[in-house]
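Asker: Here the sequence shown is numbered in our numbering, starting from 7 and rising by one per residue. C-beta: ideal position from N, C-alpha, C; glycine also. Okay, here's the structure, questions in a sec.
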Amino acid sequence: MKKETIYKESFIVCLGLLIAGLAIEYVNGGKGVPQIQSPYNWIGLIIHVVLGIVLIFFFKKSELTQWLTKVPVSIVSMIGFLCVCAILGTIPQIESENEWINTLRLNKVTTSWYFTFMVFWMLTCLLLVGLKRVKNGVLKNWGFILNHFGLYIALVAGVFGSTDIQKVILEVEENKLNWIAKDEVTKQPVALPFAIYLDDFILEEYLPKISIHDNHSGELITNQGKTIVEAKEGTIFEVEDNPIKIKKYLPFAIKFGKDFKQVYQYGASPAVLLETKGKEFWLASGTYNFPAQNYSITKDKTLILTFPEPKKYQSNVKIIDQEGKETKATLLVNETFHYNGWKIYQLGFDDKKGRWSEKSSFELVRDPWLPIVYIGIFMMIFGAIHMIWIGKRNK
7 MKKETIYKES FIVCLGLLIA GLAIEYVNGG KGVPQIQSPY NWIGLIIHVV
57 LGIVLIFFFK KSELTQWLTK VPVSIVSMIG FLCVCAILGT IPQIESENEW
107 INTLRLNKVT TSWYFTFMVF WMLTCLLLVG LKRVKNGVLK NWGFILNHFG
157 LYIALVAGVF GSTDIQKVIL EVEENKLNWI AKDEVTKQPV ALPFAIYLDD
207 FILEEYLPKI SIHDNHSGEL ITNQGKTIVE AKEGTIFEVE DNPIKIKKYL
257 PFAIKFGKDF KQVYQYGASP AVLLETKGKE FWLASGTYNF PAQNYSITKD
307 KTLILTFPEP KKYQSNVKII DQEGKETKAT LLVNETFHYN GWKIYQLGFD
357 DKKGRWSEKS SFELVRDPWL PIVYIGIFMM IFGAIHMIWI GKRNK
């Protein structure tokens, strides 16, 4: 059979699979492929591999086997897969207001029928081509075999294993432990194989800022190109051509009479002492425990001390397994702590209480297939190195 004919057949099959997948999504209202988890995804993978072995070693001369192992078929299957991936990278994978995007599941490509069809076709080609080389001799083809099976393993682990990924949120109060998390998607309770005890929550903040608000619109007013001024002692700024100086900044303050005093008390508020035209007045950002204090400089404008923004926050915790073994850890934002196959991230805290927060929330992620993905990637790397080395040696 000529290559041109094989390419035509392959493109027809590719187009047919895409249309079939889109048609199924349209009929089902964009419900997608039913998600199967372990052990059923493992069973499906084993069946796929066994069928591939049977086709190559017992039905090698069948028209189906010969067609699936042709180079043009493999190329077109990859083109089809890349086209679907192009949709994935073009259309945001979030809920859409467009009814057609939702119905055809263009915003949830990886769980769609057309994506599944294209991946299955490409994986089948990869598996059969790799097994064909195995039958022809492992030693003389091991670079090619590593490359193809590496890609197969990485894709299989990424696709089949996606349903086994666990993402949960765990909230822990200070001086308490918790092991019952909530699934990020379903919000159902999930019992973890370990507990987290929160020793201490530490929050570092930027200096609060002074803003000028319009009393009528409630919007920030630009002052010399700026809408806010950092509450740093000694800073001078102008409002209505009147210079205002920041004389004192108290990070922890409580009001006594008309003044604020530095008191390190639970729920204390940041406060600043300002001076203009020989007159002093206070601003306080307030907390959940104490009210804010603003100052009206005119009937139309008010000075407000904003809440300090978080600069850095962390949780000092103990992770306790089912046998009672403790592991101390410091959990930081954007930093991963690895524990028994889980990735643990500092997620948040009680925003209302800020620095006085008595609880932390953590995101925990477990992907049991990730090591298999890495194995596939390293196989591809070693296979590519071998093929480059062989190519140079032959030259």
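Straight-line CA distance for Asn-221 to Asp-247?
Answerer: 19 Å
Asker: Quick one: what does DSSP say Asn-322 is sitting in, helix, strand or coil?
Answerer: DSSP places Asn-322 in strand when its eight states are reduced to three.
Asker: Taking only the alpha-carbon atoms, compute the straight-line gap between Trp-106 and Lys-193 and give it to the nearest angstrom.
Answerer: When rounded, the distance between both Cα atoms is 28 Å.
Asker: Taking the runs of the alpha helix (DSSP H) that are 4 residues or longer, which of them lie wholly in the region 87-174?
Answerer: 105-109, 119-142 and 144-166
Asker: Does the structure place the region 387-394 close enough to the region 190-205 that three or more beta carbon pairs sit under 8 Å?
Answerer: no
Asker: Can you have a look at Lys-114 and say buried or exposed, based on whether 16 or more other CB atoms are within 10 angstroms of its CB?
Answerer: buried
Asker: Is it buried or exposed, Ile-396, if we count other Cβ atoms within 10 angstroms and call 16 or more buried?
Answerer: exposed
Asker: Counting only the same chain and skipping the five closest in sequence on each side, list residues whose C-beta sits under 6 Å from that of Leu-133.
Answerer: Gly-58 and Tyr-158
Asker: Can you tell me the Cβ-Cβ gap for Arg-139 and Phe-150, rounded? I've got them flagged as a contact below 8 Å.
Answerer: About 5 Å; that satisfies the 8 Å criterion.
Asker: Would the region 312-329 and the region 338-347 be scored as touching if the rule is three or more Cβ pairs under 8 Å?
Answerer: yes
Asker: Check the C-beta distance from Leu-279 over to Gln-268 and give it rounded, since I have them as a contact under 8 Å.
Answerer: Contact flag wrong, Cβ pair sits at about 11 Å.
Asker: My parser needs the beta strand (DSSP E) runs of 3 or more residues fully inside the region 254-327; what are they?
Answerer: Counting whole runs of 3 or more residues, the region 254-327 contains the beta strand (DSSP E) stretches 265-268, 275-282, 285-290, 307-311 and 316-327.
Asker: Helix, strand or coil: how does DSSP classify Val-339 here?
Answerer: coil
Asker: Measure the alpha-carbon distance for Asn-5 versus Gly-273 and round it to whole angstroms.
Answerer: What is shown of the chain runs 7 to 401, which leaves residue 5 out entirely.
Asker: Since Leu-176 and Phe-368 are thought to touch, with beta carbons under 8 Å apart, how far apart are those beta carbons, to the nearest angstrom?
Answerer: 5 Å
Asker: Should Leu-309 go down as buried or exposed, given a rule of 16 or more other Cβ atoms within 10 Å for buried?
Answerer: buried
Asker: Secondary structure at Leu-213, three-state DSSP: helix, strand or coil?
Answerer: coil
Asker: If you draw a straight line from the C-alpha of Ala-237 to the C-alpha of Ile-216, how long is it?
Answerer: 6 Å
Asker: Please report the distance separating the alpha-carbon of Leu-51 from that of Leu-353.
Answerer: 35 Å
Asker: Helix, strand or coil for Ser-367, going by three-state DSSP, please let me know.
Answerer: Here Ser-367 sits in strand by DSSP.
Asker: Nearest by alpha-carbon distance to Ala-197: which of Trp-185, Glu-315, Gly-86 and Asp-205 is it?
Answerer: Comparing Cα positions, the closest option is Trp-185.
Asker: Based on DSSP bridge pairs, tell me the residues matched to Leu-176.
Answerer: Phe-368
Asker: Which whole-angstrom value describes the C-beta separation of Thr-169 and Ile-42, a residue pair presumed to lie in contact below a C-beta threshold of 8 Å?
Answerer: 6 Å
Asker: Between which two residues does the alpha helix (DSSP H) harbouring Phe-63 extend?
Answerer: 46-64
Asker: Give the straight-line distance between the Cα atoms of Lys-142 and Tyr-46, rounded to the nearest whole angstrom.
Answerer: Note that residue 142 is Asn in the sequence shown here, rather than Lys. Going by the C-alpha atoms only, they are around 32 Å apart.
Asker: Leaving out five residues before and five after Ile-234 in sequence, what residues of the same chain have Cβ atoms less than 6 Å from its Cβ?
Answerer: Sequence-distant Cβ neighbours of Ile-234 in its own chain, meaning closer than 6 Å and more than five residues away, are Lys-215 and Ser-217.
Asker: Does DSSP put Lys-9 in a helix, a strand or coil?
Answerer: helix
Asker: Is Leu-129 near the ligand MN, judged by its Cβ being under 6 Å from some heavy atom?
Answerer: By its list of ligands, the structure shown contains no ligand whatsoever, and the ligand MN lies outside what it can speak to.
Asker: Can at least three beta-carbon pairs, one atom from the region 315-322 and one from the region 296-306, be found at a separation below 8 Å?
Answerer: No, they do not touch.
Asker: In its own chain, which residues sit with a C-beta less than 6 Å from the C-beta of Leu-152, not counting the 5 before and 5 after it?
Answerer: Met-385, Phe-388 and Gly-389
Asker: Would you call Ala-404 buried or exposed, if buried means 16 or more other Cβ atoms sit within 10 Å of its Cβ?
Answerer: With the chain represented from 7 up to 401, any question about residue 404 goes unanswered, as that position is not in the structure.
Asker: Would you tell me roughly how many angstroms separate the C-alpha atoms of Phe-243 and Pro-314, rounded to the nearest one?
Answerer: One C-alpha to the other measures close to 19 Å.
Asker: For Gly-35, which of Val-77, Trp-119 and Val-125 has the nearest alpha-carbon?
Answerer: Trp-119
Asker: Ignore the nearest five residues each way along the sequence and tell me which others in Asp-306's own chain have a CB closer than 8 Å to its CB.
Answerer: Residues of the same chain with a CB within less than 8 Å of the CB of Asp-306, apart from the 5 flanking positions on each side, are Asp-220, Asn-221 and His-222 in chain order.
Asker: Note the first and the last residue of the continuous beta strand (DSSP E) segment covering Glu-244.
Answerer: 242-245
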